[in-house]
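S.K.: Pasting a structure below so you can have a look.
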Amino acid sequence: MSALAIIGCAQVVTVRGPGDVGIIPDGALLARDGLIERVGTRREVEPWIPADCTVVDAGGRILMPGFVDAHTHPVFAGDRADEFEKRAAGATYQEIAAEGGGIRSTVRRTREAAEDQLVAAAQKHAQWFLRCGATTIEAKSGYGLSVEDELKILRAMRGLSPLRHVPTFLGAHEVPEEYRGRGQQYVDLVVHEMLPRVAQERLAEYCDVFCEPGIFSPEQAHQILDAARRLGMGLRIHADQLSLNGGAELAAQLGAATADHLEHTGAAGIAALRRAGVQPVLLPGAVHALGSKRYPDARAMIEAGLDVVLATDFNPGSSPTPSIPMILSLACTQMKMTPAEAIAAATLSAARSLGRAHQIGSLEPGKRADLVIHDCADYRELAYWFGIEPAHTVYIDGQLAFQR
Ligand code: NIG
Ligand code: FE
Numbered sequence: 108m109s110a111l112a113i114i115g116c117a118q119v120v121t122v123r124g125p126g127d128v129g130i131i132p133d134g135a136l137l138a139r140d141g142l143i144e145r146v147g148t149r150r151e152v153e154p155w156i157p158a159d160c161t162v163v164d165a166g167g168r169i170l171m172p173g174f175v176d177a178h179t180h181p182v183f184a185g186d187r188a189d190e191f192e193k194r195a196a197g198a199t200y201q202e203i204a205a206e207g208g209g210i211r212s213t214v215r216r217t218r219e220a221a222e223d224q225l226v227a228a229a230q231k232h233a234q235w236f237l238r239c240g241a242t243t244i245e246a247k248s249g250y251g252l253s254v255e256d257e258l259k260i261l262r263a264m265r266g267l268s269p270l271r272h273v274p275t276f277l278g279a280h281e282v283p284e285e286y287r288g289r290g291q292q293y294v295d296l297v298v299h300e301m302l303p304r305v306a307q308e309r310l311a312e313y314c315d316v317f318c319e320p321g322i323f324s325p326e327q328a329h330q331i332l333d334a335a336r337r338l339g340m341g342l343r344i345h346a347d348q349l350s351l352n353g354g355a356e357l358a359a360q361l362g363a364a365t366a367d368h369l370e371h372t373g374a375a376g377i378a379a380l381r382r383a384g385v386q387p388v389l390l391p392g393a394v395h396a397l398g399s400k401r402y403p404d405a406r407a408m409i410e411a412g413l414d415v416v417l418a419t420d421f422n423p424g425s426s427p428t429p430s431i432p433m434i435l436s437l438a439c440t441q442m443k444m445t446p447a448e449a450i451a452a453a454t455l456s457a458a459r460s461l462g463r464a465h466q467i468g469s470l471e472p473g474k475r476a477d478l479v480i481h482d483c484a485d486y487r488e489l490a491y492w493f494g495i496e497p498a499h500t501v502y503i504d505g506q507l508a509f510q511r
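Residue numbers for the sequence shown follow the numbering used here, so the first one is 108 and each next one is one higher.
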């Protein structure tokens with residue numbers, strides 16, 4: 108049926124494992140029917156290119172698997188530029204949240220939005236991700252905080268297509284206004300009403316909880332995640348972001364797929380994640396945009412043997428960026444990861460954290476042809492230049508999804 112060949116690549120960045128980008132110089136790739144068929148040097152691949160094939164010359168650029176962004180909040184209404192201005196003047200994220208702003212202000216606007224308006228917002232954000240070279244995102248709900256509004260958000264995720272997305276239910280993102288002071292009653296609503304509906308309508312693969320003092324305690328997070336696990340969902344946790352709160356240990360105890368943020372996690376938490384095989388998802392965009400200097404200890408995690416993931420945490424409050432290249436820059440400059448470690452963390456390791464390492468995240472025969480030509484000649488440039496959008500051409504399932 109349809110075949111696509113990409114030749115003339117200064118480097119094909121295949122990605123083989125943590126820290127191993129598997130460079131093929133003067134490389135080429137052949138895909139057929141949306142799947143990768145051959146990857147190698149131009150000499151190795153060219154003889155196999157069939158007559159009826161679309162042949163694209165990358166012009167000395169690099170070819171890579173699409174980025175897999177394993178932590179995003181992409182469906183919401185409005186923005187929080189007003190709060191951003193307040194933070195620039197010295198207010199903290201927690202102060203703004205305590206006054207009813209923060210997540211709750213996005214919840215108010217998202218509740219007012221009709222489903223088709225949220226589909227339109229999802230479409231707009233999907234374009235932003237594609238422009239930045241992502242082909243798969245994990246997508247959390249969490250700005251509805253009522254049964255109907257959470258379902259509305261999960262349904263509106265169809266607007267993300269052609270970007271692939273893996274849906275996560277985050278009904279426990281914040282205690283909504285009408286449950287203020289009655290957090291446990293809200294937890295009961297999540298467990299007894301929201302989760303069964305989400306599972307019944309098969310609207311989410313994973314369940315996440317914002318585990319943080321004043322939001323949801325480790326005990327409450329445990330109740331919710333345990334209920335989700337019984338319904339067959341995988342688990343992810345916002346852990347140790349603003350304080351050390353036992354979130355990493357809880358992720359280990361529950362056998363979660365990931366523990367995310369981990370800005371405050373120390374040696375004990377790292378050891379617990381290692382023993383349980385939980386992947387850390389590090390979100391330096393949220394540290395940067397909150398004006399903090401407290402980055403998670405990526406080096407200690409790598410040295411402990413953890414399979415570290417990097418993601419944007421795209422959301423309107425703490426991390427308003429859809430750009431994995433920006434995250435690669437922060438990972439190298441602020442967390443001292445190497446460019447190779449950072450790229451593997453945002454592709455193959457991220458795919459593994461979503462249970463999709465057999466389909467996406469690297470360039471190997473049999474995997475999906477989710478491919479990005481970036482406008483540079485060396486993979487290290489992706490983390491080195493910052494504030495530019497290096498993605499030049501993006502394919503999903505071998506079909507053109509974005510072109511500059
Ligand atoms: O991952 N920590 C909680 N959730 C988001 C922030 C969401 C928001 O501020 O709207 C985060 O940083
Ligand atoms: Fe988040």
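Backbone N, C-alpha and C fix where the C-beta goes; we use that ideal spot for every residue, glycine too. Treat the numbers as computed from the prediction; the structure is a model and nothing was measured.
Could you tell me which residues DSSP pairs with Glu245 in its beta bridges?
M.R.: Position 138 of the sequence shown, counted from the first residue, corresponds to residue 245. Partner(s): Val273.
S.K.: Can you find a heavy atom of the ligand FE that lies under 6 Å from the Cβ of Asp420?
M.R.: In the sequence shown, counting from the first residue as 1, residue 420 sits at position 313. Correct: Asp420 has its Cβ closer than 6 Å to the ligand FE.
S.K.: Check for me: the beta strand (DSSP E) holding Pro172 runs from which residue to which?
M.R.: Locating residue 172 in the sequence shown gives position 65, where the first residue counts as 1. Note, Pro172: beta strand (DSSP E), 161 to 172.
S.K.: Taking the Cβ atom as the reference point for each residue, do Asp477 and Ile503 lie within a distance shorter than 7 Å?
M.R.: For the purposes of this step, residue 477 is taken as the residue at position 370 of the sequence shown. For the purposes of this step, residue 503 is taken as the residue at position 396 of the sequence shown. Their beta carbons are under 7 Å apart, which means Asp477 touches Ile503 by this criterion.
S.K.: Given this structure, state the Cα-to-Cα distance separating Glu448 from Thr179, to the nearest angstrom.
M.R.: Along the sequence shown, one-based indexing puts residue 448 at 341. Along the sequence shown, one-based indexing puts residue 179 at 72. So the two alpha carbons sit approximately 21 Å from each other.
S.K.: Round the Cβ separation of Glu257 and Ser268 to the nearest angstrom and send it over; I've been treating them as touching at under 8 Å.
M.R.: Looking up residue 257 in the sequence shown gives position 150. Looking up residue 268 in the sequence shown gives position 161. Incorrect: roughly 20 Å between the Cβ atoms, too far for contact.
S.K.: Would the beta-carbon of Ile431 be found less than 6 Å away from any heavy atom of the ligand NIG?
M.R.: Counted from its first residue, the sequence shown places residue 431 at position 324. No, the Cβ of Ile431 stays beyond 6 Å of every heavy atom of the ligand NIG.
S.K.: Taking the C-alpha atoms as reference points, what is the distance between Ile131 and Val479?
M.R.: For this step, residue 131 is matched to residue 24 along the sequence shown. For this step, residue 479 is matched to residue 372 along the sequence shown. Going from the Cα of Ile131 to the Cα of Val479 covers about 15 Å.
S.K.: Excluding sequence positions up to five away, which residues of its chain have a Cβ less than 7 Å from the Cβ of Ser460?
M.R.: For this step, residue 460 is matched to residue 353 along the sequence shown. Same-chain partners within the cutoff: Ala177, Ala364, Thr365, Gln386, Val388, Val416.
S.K.: Within 10 Å of its beta-carbon, does Gly166 have 16 or more other beta-carbons around it, so buried, or fewer, so exposed?
M.R.: Mapped onto the sequence shown, residue 166 falls at position 59. Flag for Gly166 reads exposed.
S.K.: Identify every run of the alpha helix (DSSP H) within the stretch 371 to 433, keeping only runs that are complete inside it and at least 4 residues long; order them along the chain.
M.R.: Qualifying alpha helix (DSSP H) stretches, in chain order: 374 to 383, 391 to 396, 405 to 410.
S.K.: Enumerate, from N- to C-terminal direction, the unbroken beta strand (DSSP E) stretches of 3 or more residues contained entirely within the stretch 253 to 327.
M.R.: As far as the stretch 253 to 327 is concerned, its whole beta strand (DSSP E) runs of at least 3 residues are 271 to 279, 313 to 317.
S.K.: Ignore the nearest five residues each way along the sequence and tell me which others in Leu111's own chain have a CB closer than 6 Å to its CB.
M.R.: Residue mapping note: residue 111 aligns to position 4 of the sequence shown, counting from 1. For Leu111, where only same-chain residues beyond five positions count, the Cβ hits under 6 Å are Ala138, Thr161, Gly505.
S.K.: Would the beta-carbon of Gly266 fall within 7 Å of that of Gln230?
M.R.: Locating residue 266 in the sequence shown gives position 159, where the first residue counts as 1. Locating residue 230 in the sequence shown gives position 123, where the first residue counts as 1. Against a cut-off of 7 Å, the Cβ pair of Gln230 and Gly266 comes out as a contact.
S.K.: Could you pull out every residue in the same chain whose Cβ sits closer than 6 Å to the Cβ of Pro423, ignoring the five residues on either side in sequence?
M.R.: Counted from its first residue, the sequence shown places residue 423 at position 316. Taken in chain order, the residues that qualify are Phe183, Asp186, Arg187, Thr213.
S.K.: Ala453: buried (16+ other C-beta within 10 angstroms of its C-beta) or exposed?
M.R.: Position 346 of the sequence shown, counting from 1, holds the residue named residue 453. Buried is the call here.
S.K.: Does the distance between the C-beta of Ala393 and the nearest non-hydrogen atom of the ligand NIG fall short of 6 Å?
M.R.: One-based indexing of the sequence shown puts residue 393 at position 286. Ala393: yes, Cβ under 6 Å from the ligand NIG.
S.K.: Since Leu357 and Ala375 should fall inside the 8 Å C-beta cutoff, what is the C-beta to C-beta distance between them, to a whole number of angstroms?
M.R.: Taking the first residue of the sequence shown as 1, we reach residue 357 at position 250. Taking the first residue of the sequence shown as 1, we reach residue 375 at position 268. Wrong, their Cβ atoms sit about 13 Å apart, outside the cutoff.
S.K.: So Ile244 and His272 are in contact, right, with Cβ under 8 Å, and what is the actual spacing, rounded?
M.R.: Mapped onto the sequence shown, residue 244 falls at position 137. Mapped onto the sequence shown, residue 272 falls at position 165. The Cβ separation is near 5 Å, so the contact holds.
S.K.: Looking at the unbroken beta strand (DSSP E) that takes in Val226, where does it start and where does it end?
M.R.: Taking the sequence shown and counting its residues from 1, one reaches residue 226 at position 119. Where Val226 is concerned, there is no enclosing beta strand (DSSP E), although the alpha helix (DSSP H) it sits in stretches over 222 to 238.
S.K.: Alpha carbon to alpha carbon, how far is Ala490 from Cys439? Give it in angstroms, no decimals.
M.R.: Locating residue 439 in the sequence shown gives position 332, counting from the first residue. Locating residue 490 in the sequence shown gives position 383, counting from the first residue. Approximately 7 Å, taken between the alpha carbons.
S.K.: For Phe191, does the three-state DSSP call read helix, strand or coil?
M.R.: The residue you call residue 191 lines up with position 84 of the sequence shown. In the structure shown, Phe191 sits in a helix (DSSP, three-state: H, G or I).
S.K.: Flag Phe191 as yes when its Cβ comes closer than 6 Å to any non-hydrogen atom of the ligand NIG, and as no otherwise.
M.R.: Working through the sequence shown from its first residue, we reach residue 191 at position 84. Result no, Cβ not under 6 Å from the ligand NIG.
S.K.: Since Cys483 sits in a beta bridge, which residues does DSSP pair it with?
M.R.: What you label residue 483 is simply residue 376 of the sequence shown in a count that begins at 1. Answer by DSSP bridge pairing: none, since Cys483 is not bridged.
S.K.: So for Ala177, helix, strand or coil by DSSP?
M.R.: Walking along the sequence shown from the start, residue 177 turns up at place 70. In the structure shown, Ala177 sits in a strand (DSSP, three-state: E or B).
S.K.: Grab me the residues of Val294's own chain with a C-beta within less than 8 Å of its C-beta, minus the 5 sequence neighbours each way, in chain order.
M.R.: Along the sequence shown, read from residue 1 onward, the residue named residue 294 stands at position 187. Same-chain partners within the cutoff: Ala279, Phe323, Gln327, Gln330, Ile331.
S.K.: Got a sec? Which residues, its chain only, sit under 6 Å from Glu300 by beta carbon, not counting five neighbours each side?
M.R.: For the purposes of this step, residue 300 is taken as the residue at position 193 of the sequence shown. Val254.
S.K.: Between Val226 and the rest of its own chain, which residues show a CB-CB distance below 8 Å, the 5 nearest in sequence each way excluded?
M.R.: The residue labelled residue 226 in the question sits at position 119 within the sequence shown. Correct list, in chain order: Ala263, Arg265, Gly266.
S.K.: Is the CB of Val146 under 7 Å away from at least one CB in chain D?
M.R.: Looking at the structure shown, chain D is missing, and only one protein chain is on hand.
S.K.: By a C-beta neighbour count over all protein chains shown, 10 Å radius and 16 as the cutoff for buried, is Gly240 buried or exposed?
M.R.: Here residue 240 refers to the residue found at position 133 when the sequence shown is read from its first residue. Buried, by the Cβ-count rule.
S.K.: CB-CB under 8 Å to Thr148, same chain, minus the five flanking residues each way: which ones, in chain order?
M.R.: As a first step, residue 148 must be located in the sequence shown, where it is residue number 41. If we look at Thr148 and ignore the five residues flanking it on each side, its Cβ neighbours are Ile131, Pro132, Asp133, Gly134, Ala135.
S.K.: Between Ala334, Pro157, Thr419, Met444, which lies nearest to Asp140 when the distance is taken from Cα to Cα?
M.R.: Numbered from 1 along the sequence shown, position 33 holds the residue referred to as residue 140. Among Ala334, Pro157, Thr419, Met444, the Cα nearest to that of Asp140 is on Pro157.
S.K.: Between Thr372 and the rest of its own chain, which residues show a CB-CB distance below 6 Å, the 5 nearest in sequence each way excluded?
M.R.: To locate residue 372, count along the sequence shown from 1; it is residue 265. Closer than 6 Å at the Cβ level, and outside the excluded window around Thr372, lie Asp347, Ala355.
S.K.: Would a C-beta distance cut-off of 7 Å place Phe236 and Pro391 closer than the cut-off?
M.R.: The count along the sequence shown starts at 1 and reaches residue 236 at position 129. The count along the sequence shown starts at 1 and reaches residue 391 at position 284. No; because the gap between Cβ atoms is not below 7 Å, this pair is not in contact.
S.K.: Relative to the C-alpha of Ala379, which candidate in Tyr286, Val120, Gly398, Ala359 has its C-alpha closest?
M.R.: For the purposes of this step, residue 379 is taken as the residue at position 272 of the sequence shown. Taking only the C-alpha atoms, the option nearest Ala379 is Ala359.
S.K.: Cutting at 7 Å between CB atoms, please list the residues of its own chain near Ala334, excluding the five before and the five after it.
M.R.: As a first step, residue 334 must be located in the sequence shown, where it is residue number 227. Around Ala334: Val298, Leu302.
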